[in-house]
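Engineer: Before I ask anything, here is the structure I am working with.
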Amino acid sequence: MESQSNKSYNISHKYGTINLEYNIQKFTMTSVWPILISVSQYTHQKTKDERLDPLKLMIKSAKEALNTPNASKLKELIDAVYMVNINSWSYKDAPGELSEILGINPTEKTYLSDGGNTPQMLVNRAAKIIHKGVRKCILIVGGEASYSVYQSKKEKRDLSWPKKEEPDYMEGEIWHGTNEFENTYKLIIPPYSYALFETAYRETVGLSLQEHRMKMGKLFENFSEVAANNPYAWTQKSYSTEEIITPSPNNRKVCYPYTKRMCSNMFVDQSAAVLISSEDVAKKLEIPKSRWVYLRGASDFQNIFDITRRPKLATSPAARIGSKVALKQAGLVLDEIDLFDIYSCFPSIVEIISDEIGIKKDDTRDLTITGGLPFFGGPWSNYSLHAIATAVNIIQKDPEKTIMVISNGGYNTKQSFGIYGTIPPQKGFDENDTKELQSRILEKVLQEPVKKANGICKILGYTLIYNRNGTRKYGIALGAMENKRHTLAILKGTDEELAQLERNEIVGSTYRVYYDEKSQKNIIKLTENYN
-11 MESQSNKSYN ISHKYGTINL EYNIQKFTMT SVWPILISVS QYTHQKTKDE
39 RLDPLKLMIK SAKEALNTPN ASKLKELIDA VYMVNINSWS YKDAPGELSE
89 ILGINPTEKT YLSDGGNTPQ MLVNRAAKII HKGVRKCILI VGGEASYSVY
139 QSKKEKRDLS WPKKEEPDYM EGEIWHGTNE FENTYKLIIP PYSYALFETA
189 YRETVGLSLQ EHRMKMGKLF ENFSEVAANN PYAWTQKSYS TEEIITPSPN
239 NRKVCYPYTK RMCSNMFVDQ SAAVLISSED VAKKLEIPKS RWVYLRGASD
289 FQNIFDITRR PKLATSPAAR IGSKVALKQA GLVLDEIDLF DIYSCFPSIV
339 EIISDEIGIK KDDTRDLTIT GGLPFFGGPW SNYSLHAIAT AVNIIQKDPE
389 KTIMVISNGG YNTKQSFGIY GTIPPQKGFD ENDTKELQSR ILEKVLQEPV
439 KKANGICKIL GYTLIYNRNG TRKYGIALGA MENKRHTLAI LKGTDEELAQ
489 LERNEIVGST YRVYYDEKSQ KNIIKLTENY N
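Following the working numbering, the residues of the sequence shown are numbered contiguously, the last one being 519.
Okay, structure coming up:
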C-alpha cells in the first residue's frame, strides 16, 4: 500500500444529489483486481408448501453467499448493495431491509430499474468501482417469486407477505415497451417482437421454414438437456426437438414461430447473490486462491432503441462490438472461451448473438451453462445473475475453464458481457474508450417510421398471433416502404390465408398497405400481394 487520501464527490440522479465521502487507499495494481469471492443460488420449487416473497428468497441466497470463513469480517467490509429490479412484488426499501436482516451497513444502496442486461452490467460496474479503490466489497442480489404470485391469483388465495409499497428510490425507469407507435401493434409483448426478429433471421440466413423450425428445436433441446442436470433449474427435464417445436396441450402456440417451450418461463421462484471484492480483501479474509474468480473482460453496449428505426432486424452491433471489447480486455480470442451462457428468452436472440460474436454453425461448445430461460427459469431481470453464479461454481471446480456470460435487456436492446476465469484481465477497468464505439452504433438510426402508411411495403419480418386454444387471430408485419422508411401493419385474411404464413415465406414479399381510420392501424390484406 502506497498512500491514502480522502475524496468527496457528488452523484446526481432523479431523486436529488448525494454527496459521497470515501477514503481511497492506493494499492498496487495487482491488489485491486476485482474478484468474485462467493456466490449462491436458491430455487424454491413449486412442490414446497410455504410460499416465500422475493425478499425472503434473496435473504436465503445472500446469507449463503456470506457463509464464508471470517464471515463477520466480511460483513464489515460490504460497503455497497446492488439489487436487481423485482417484478413480482414491491418494497419501499428492499436493499435497506435486506441489509438490516443481514447485519451489514452499506454506504451505498442501489436498486435498479428492469432489464435482463442488469445483472452483468452491475457486476461490470462493481468491478470498475472496486478496481478504482472506491469500494471494498459489493453484494449484488436479485430474486423473483412470480410462480407464487401467479398461483395465489389462480387459486384466489391471499399471500401472507409484506404490504406492497412503491420503492423510495430506483436508478432508471421501468420499461414500457419501446415507443407509442410500436406499442400500438403490441410489440411491448416480448414474444411478438422477438418473433419478428426470428422470421427476419430465417430469411437472412436462407433457411426454409422447416429447416428453421428444426434449428430452433435442436437449439433448445440442447438447452433442456443442461437444465435436466442442473439442481437449481425450475424444469429439470429434457425435451426432444419434436417435443419443443410441436404444439400440444402442454406446449401451446404463442406466436409464430414460437411454442411455449421456446419462450422464457417467468413463473418461477428463484434468487441469486454474488459477492465481488478485490485480491487485497480476499487475502485479508483468508479466502483461498482456489475460490478466486476474476472478471477477465467486460463490456456494456446498446443497440438503437426503437425497433422500427434499426437498419436490420436480425443483427446486434452491440453484441458484435461488445464481445470484441471484452475479449480484448481479457487478452483472449473467441476460440479460447470454453463455455458460453447466451441470454435465451427466445431462440432469435441466441441465434443473433451467436452469429454476431463469431460462433460457427459446427461449433460444439455449450451456449448455456444453466439450461436457459425456458427451462432453468427466467426470473425476469435476474436470470443472468444465476448464470454468473453458475460460471463461478464451474470455475471453482475446474480452474482451467474460461466462461463468457452474455446478458440481454429489452428487445435486443442492451447487451452486457462478462468473461470469467482464474487469470486477471490484461488491461484495467477503465471506460475502454467505448463512447465512440457506442456512438457509431446509434448514429445509424433510421428516420421515424411511417405511422399512417399508404403504398407498397416490403416485408422485413412478421409473426402470427394465436388465441390460447391455438386458433389464428391476425398477423403483425414490420416492413419498408418505397422511401426506405419502416412501418408496422396488421396482416388480415381468412383463416386459410393466415395459415399460409406458417407454410410459406413472406419475408421479402411486397404488399399493398393502407391506414385504417377505424382501427387506427396500418392494414395489409394478404390477398394484395404485389410479387
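Where a beta carbon is used, it is the ideal one built from N, C-alpha and C, also for glycine.
1) How is Lys225 classed by DSSP in three states: helix, strand or coil?
2) For Lys48, which residues in the same chain have their Cβ closer than 7 Å to its Cβ, ignoring the five residues on either side in sequence?
3) With Phe530 as the anchor, note down where its alpha helix (DSSP H) starts and where it stops.
4) Using 8 Å as the threshold, is the region 350 to 363 in touch with the region 205 to 224, meaning 3 or more CB pairs across them?
5) With a Cβ-Cβ cutoff of 7 Å, do Asp326 and Ala375 count as a contact?
6) Please identify the residue among Val393, Arg428, Ser287 whose C-alpha is closest to the C-alpha of Asp418.
7) So for Asn381, helix, strand or coil by DSSP?
8) Please state whether DSSP places Tyr138 in a helix, a strand or coil.
9) Roughly how many angstroms separate the alpha carbons of Asn(-6) and Leu45, rounded to a whole number?
10) Taking the Cβ atom as the reference point for each residue, do Ala314 and Gly285 lie within a distance shorter than 7 Å?
11) Are the beta-carbon atoms belonging to Ile341 and Leu24 less than 7 Å from one another?
12) Apart from the five residues just before and just after Met392, which ones in its own chain have a Cβ nearer than 6 Å to its Cβ?
13) Give the C-beta separation of Val69 and Leu127 to the nearest angstrom, bearing in mind that I take them to be a contact with Cβ-Cβ under 8 Å.
14) Measuring CA to CA, which of Asn400, Phe405, Ile117 is closest to Ser311?
15) With 16 other CB atoms within 10 Å as the buried threshold, where does Thr515 fall?
16) My parser needs the alpha helix (DSSP H) runs of 4 or more residues fully inside the region 348 to 396; what are they?
17) Using the three-state DSSP reduction, which class does Arg308 fall into: helix, strand or coil?
18) Val256 by DSSP, collapsed to three states: which one?
19) I want to know whether the region 142 to 156 touches the region 52 to 61 - three or more CB-CB distances under 8 Å.
20) Once DSSP output is grouped into helix, strand and coil, what is the label at Phe417?
21) Please classify Arg428: is it buried, with 16 or more other beta-carbons within 10 angstroms of its beta-carbon, or exposed?
22) For Glu424, count the other beta carbons within 10 Å of its own beta carbon; 16 or more makes it buried, fewer makes it exposed. Which is it?
23) Could you check if Ile411 is buried or exposed, using at least 16 other CB atoms within 10 Å of its CB as the buried criterion?
24) Using only the alpha-carbon positions, how far apart do Val321 and Asp386 sit?
25) Where do the ends of the beta strand (DSSP E) carrying Gly409 lie?
26) Measuring CA to CA, which of Gly104, Ile177, Pro219, Ser78 is closest to Glu153?
27) Over the uninterrupted beta strand (DSSP E) stretch that includes Lys203, give me the two end residues.
28) Closest to Pro179 by CA distance: which of Thr229, Val122, Tyr220, Pro245 is it?
29) Near Leu81, what residues of its chain come up, given a Cβ to Cβ distance below 6 Å and the 5 sequence neighbours on each side ignored?
30) Lys51 lies in the alpha helix (DSSP H); which residues open and close that run?
31) Hey, would you say Leu466 sits closer than 7 Å to Leu184, going by beta carbons?
32) If I measure Cβ to Cβ from Lys513 and keep anything under 6 Å in the same chain, skipping five residues before and after, which residues do I get?
33) How big is the Cα-Cα spacing for Glu191 and Val495?
34) Do the CB positions of Val281 and Val129 come within less than 7 Å of each other?
35) I'd like the span of the beta strand (DSSP E) that includes Glu541, first residue to last.
36) In angstroms, rounded to a whole number, what distance separates the CA positions of Arg39 and Trp368?
Structural biologist: Short version:
1) Against the sequence shown, residue 225 aligns to sequence position 237. If DSSP states are grouped into helix, strand and coil, Lys225 belongs with coil.
2) Here residue 48 refers to the residue found at position 60 of the sequence shown. Closer than 7 Å at Cβ, skipping near neighbours: Tyr30, Ser259.
3) Absent from the structure is residue 530, since the part of the chain shown begins at -11 and ends at 519.
4) yes
5) Residue 326 sits at position 338 when you count from the first residue of the sequence shown. Residue 375 sits at position 387 when you count from the first residue of the sequence shown. Not a contact, by the Cβ cut-off of 7 Å.
6) As a position in the sequence shown, residue 418 is number 430, starting the count at 1. Nearest of Val393, Arg428, Ser287 to Asp418, Cα basis: Ser287.
7) In the sequence shown, residue 381 corresponds to position 393, counting from 1. DSSP places Asn381 in helix when its eight states are reduced to three.
8) In the sequence shown, counting from the first residue as 1, residue 138 sits at position 150. Reduced to three states, the DSSP call for Tyr138 is helix.
9) As a working note, residue -6 is residue 6 in the sequence shown. As a working note, residue 45 is residue 57 in the sequence shown. The predicted position of Asn(-6) is uncertain, since its pLDDT is 44 and thus under 50; no value can be drawn from it.
10) Counting from one through the sequence shown, the residue named residue 314 turns up at place 326. Counting from one through the sequence shown, the residue named residue 285 turns up at place 297. In terms of Cβ geometry, Ala314 and Gly285 form a close pair [threshold 7 Å].
11) The sequence position of residue 341 within the sequence shown is 353, counting from 1. The sequence position of residue 24 within the sequence shown is 36, counting from 1. By the CB criterion at 7 Å, Ile341 and Leu24 fall outside the cutoff.
12) Taking the first residue of the sequence shown as 1, we reach residue 392 at position 404. Closer than 6 Å at Cβ, skipping near neighbours: Ile325, Phe328, Ile407.
13) If you number the sequence shown from 1, residue 69 lands on position 81. If you number the sequence shown from 1, residue 127 lands on position 139. With 8 Å as the limit, Val69 and Leu127 qualify as a contact, their Cβ atoms being about 5 Å apart.
14) Within the sequence shown, numbered from 1, the residue matching residue 311 stands at position 323. Looking at the Cα atoms, Phe405 is the closest of the given residues.
15) By one-based count along the sequence shown, residue 515 stands at place 527. With fewer than 16 other Cβ atoms within 10 Å, it is exposed.
16) 371 to 385
17) As a first step, residue 308 must be located in the sequence shown, where it is residue number 320. Three-state DSSP puts Arg308 in a helix.
18) Here residue 256 is taken as the residue at index 268 of the sequence shown, counted from 1. Note: Val256 maps to coil in three-state DSSP.
19) No, the region 142 to 156 is not in contact with the region 52 to 61.
20) Here residue 417 refers to the residue found at position 429 of the sequence shown. Reduced to three states, the DSSP call for Phe417 is coil.
21) Position 440 of the sequence shown holds residue 428. It is exposed - the Cβ of Arg428 has fewer than 16 other Cβ atoms within 10 Å.
22) Position 436 of the sequence shown, counting from 1, holds the residue named residue 424. That one is exposed.
23) Taking the first residue of the sequence shown as position 1, residue 411 is located at position 423. That one is exposed.
24) On the sequence shown, position 333 is the one that residue 321 refers to. On the sequence shown, position 398 is the one that residue 386 refers to. A straight line joining the alpha-carbon of Val321 with that of Asp386 spans about 20 Å.
25) On the sequence shown, residue 409 is found 421 positions in, with the first residue counted as 1. From DSSP, the beta strand (DSSP E) with Gly409 extends over 402 to 409.
26) Residue numbering aside, residue 153 sits at position 165 when the sequence shown is read from its first letter. Minimum Cα distance to Glu153 is reached at Ser78.
27) The residue given as residue 203 occupies position 215 in the sequence shown. Note, Lys203: premise wrong, no beta strand (DSSP E); alpha helix (DSSP H) at 197 to 216.
28) Numbered from 1 along the sequence shown, position 191 holds the residue referred to as residue 179. A check of alpha carbon separations from Pro179 across Thr229, Val122, Tyr220, Pro245 identifies Pro245 as the nearest.
29) Position 93 of the sequence shown, counting from 1, holds the residue named residue 81. In the sequence on display, residue 81 carries Asp and not Leu. So the qualifying residues of the chain are Asp156.
30) The residue labelled residue 51 in the question sits at position 63 within the sequence shown. Element bounds for Lys51: 42 to 54.
31) Locating residue 466 in the sequence shown gives position 478, where the first residue counts as 1. Locating residue 184 in the sequence shown gives position 196, where the first residue counts as 1. Their beta carbons are under 7 Å apart, which means Leu466 touches Leu184 by this criterion.
32) As a working mapping, residue 513 is identified with position 525 in the sequence shown. Answer for Lys513: Lys480, listed in chain order.
33) For the purposes of this step, residue 191 is taken as the residue at position 203 of the sequence shown. For the purposes of this step, residue 495 is taken as the residue at position 507 of the sequence shown. Whole-angstrom Cα-Cα distance: 7 Å.
34) Here residue 281 refers to the residue found at position 293 of the sequence shown. Here residue 129 refers to the residue found at position 141 of the sequence shown. With respect to Val129, Val281 sits apart: the two C-beta atoms are not nearer than 7 Å.
35) Outside the displayed range of the chain (-11 to 519) lies residue 541, so it cannot be described from this structure.
36) One-based indexing of the sequence shown puts residue 39 at position 51. One-based indexing of the sequence shown puts residue 368 at position 380. Going from the Cα of Arg39 to the Cα of Trp368 covers about 18 Å.
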